[in-house]
Amino acid sequence: MDYQMINVKIIDDWCDDGWECSQAIDHETYMRAKEGDWDVHFTTYRYVPHDWFGDLEDKKVLGLASGGGQQMPIFASQGAHCTLFDISKRQCASDDYVAKRGGYKIDIINGDMTKRFPFADESFDLVFHPVSNCYIRDVLPVFKECYRVLKKGGRLLGGYTLEADYALDEKNQKFIYKMPFDPLNDKRQYEDSLKYDWGIAFSHTISEQIGSQIKAGFRIADIYDDLASEGILHDLNIKTFIAVLAIKD
Numbered sequence: 012m013d014y015q016m017i018n019v020k021i022i023d024d025w026c027d028d029g030w031e032c033s034q035a036i037d038h039e040t041y042m043r044a045k046e047g048d049w050d051v052h053f054t055t056y057r058y059v060p061h062d063w064f065g066d067l068e069d070k071k072v073l074g075l076a077s078g079g080g081q082q083m084p085i086f087a088s089q090g091a092h093c094t095l096f097d098i099s100k101r102q103c104a105s106d107d108y109v110a111k112r113g114g115y116k117i118d119i120i121n122g123d124m125t126k127r128f129p130f131a132d133e134s135f136d137l138v139f140h141p142v143s144n145c146y147i148r149d150v151l152p153v154f155k156e157c158y159r160v161l162k163k164g165g166r167l168l169g170g171y172t173l174e175a176d177y178a179l180d181e182k183n184q185k186f187i188y189k190m191p192f193d194p195l196n197d198k199r200q201y202e203d204s205l206k207y208d209w210g211i212a213f214s215h216t217i218s219e220q221i222g223s224q225i226k227a228g229f230r231i232a233d234i235y236d237d238l239a240s241e242g243i244l245h246d247l248n249i250k251t252f253i254a255v256l257a258i259k260d
């Protein structure tokens, strides 16, 4: 079975189990956002700085693997024209539900970001890409597609998992896996990924995450890091995530 199809099934199971990334914002949160009281994040604790977004009024925003009814409603509340592109139909359904409840329009496309994006060149002002390319084996084509569909001066805001996170056991306490973590090339990693319902995820180095954005043509404008919510890395204050603002000059 294609590893993306395995991931779709597991994401559906997570949604059924109340996965936090599938919990849509309530209507009160949406209404507060319309009054200017809003924040979003794609890592555990730190919110994305508002100046990373610029003025969202009338901007065309692509939510790349950003389903779940959490971020797109916020951007819509700020006057953005939003498009969601996500592989999970259930995550897409959450955004559709919130949009209908809030009375705003959103374009929703269920699709696979490992393929060419179904959008014309220079279609968007901003791409918002929460932590998700860990489920993609090769990240460079994704960044190239982000660059292609962004207008000149457009922004890619992304959250990415650091390599150390994938060395840990199922309790996030012991380092047991040798890098790279690639279940398609390691029988134990594959079997454990299915056993523990992790999905088929892949470690990516800083060179892959940052270097691939540079190779795609982006200028790295800002960056910050963040902790995991639990486990030995959290306890030792070892950062698990990075967030990056990249610009298409």
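For the sequence shown, position 169 (counting from the first letter as 1) is numbered 180 according to our numbering, and the numbering increases by one without interruption. All C-beta atoms in this analysis are idealised placements derived from N, C-alpha and C, irrespective of residue type, glycine included.
Taking the continuous beta strand (DSSP E) assigned at histidine 92, which residues delimit it? 92–97
With leucine 168 as the anchor, note down where its beta strand (DSSP E) starts and where it stops. 161–172
I'd like to know if the stretch 82–89 and the stretch 171–181 are in contact, where contact means that at least 3 CB-CB pairs between them fall below 8 Å. no
What separation, rounded to the nearest whole angstrom, lies between the Cα atoms of arginine 127 and leucine 73? 14 Å
Taking DSSP's pairing of strands, which residues face phenylalanine 186 in a bridge? Leu179
With a floor of 3 residues, list each beta strand (DSSP E) that falls wholly inside the stretch 57–123, ordered by position along the chain. 71–75, 92–97 and 117–121
Taking the straight line between their C-alpha atoms, what separation do you get for aspartate 149 and methionine 190? 15 Å
Going by DSSP in three states, tyrosine 235 sits in which element: helix, strand or coil? strand
Can you look up histidine 245 in the DSSP assignment and give me helix, strand or coil? helix
Is the CB-CB distance between alanine 76 and aspartate 50 below 8 Å? no
What span of residues does the beta strand (DSSP E) with aspartate 24 cover, start to end? Where aspartate 24 is concerned, there is no enclosing beta strand (DSSP E), although the alpha helix (DSSP H) it sits in stretches over 14–27.
Under 8 Å Cβ to Cβ from alanine 254, same chain only, skipping five residues before and after it: list those, please. Phe53, Thr54, Arg57, Val59, Leu168, Gly169, Gly170, Tyr171, Ile234, Tyr235, Asp236 and Asp237
Can you tell me the Cα-Cα spacing of isoleucine 186 and glutamate 202, whole angstroms? It is worth fixing the name first, because residue 186 is phenylalanine in this sequence and not isoleucine. Taking the straight line joining both Cα atoms gives about 17 Å.
Start and end residues, beta strand (DSSP E) containing leucine 195: First-last for leucine 195: undefined, no H or E at that position.
For arginine 230, name the three-state secondary structure that DSSP assigns. strand
On the premise that glutamine 224 lies in contact with alanine 257, defined as a C-beta separation below 8 Å, what is that separation, rounded to the nearest angstrom? 5 Å
Is it true that the CB of tyrosine 207 sits closer than 8 Å to the CB of glutamate 181? yes
Taking the continuous alpha helix (DSSP H) assigned at alanine 44, which residues delimit it? 38–45
At a cut of 8 Å, does the stretch 90–110 reach the stretch 22–31 through at least three beta carbon pairs? yes
Does the count of Cβ pairs from the stretch 211–220 and the stretch 130–139 closer than 8 Å reach three? no
Taking all protein chains shown into account, decide if glutamine 288 is buried (16 or more other Cβ within 10 angstroms of its Cβ) or exposed. There is simply no residue 288 to check, as the chain begins at 12 and stops at 260 in what is shown.
In angstroms with no decimal places, state the Cα-to-Cα distance between histidine 245 and lysine 162. 38 Å
Which of the three DSSP states, helix, strand or coil, is assigned to valine 266? With the chain covering only 12 through 260, there is no way to say anything about residue 266.
Between which two residues does the beta strand (DSSP E) harbouring aspartate 208 extend? Taken as a continuous stretch (DSSP letters only), aspartate 208 belongs to no beta strand (DSSP E), as it is neither H nor E.
What is the residue span of the beta strand (DSSP E) that histidine 140 lies within? 135–140
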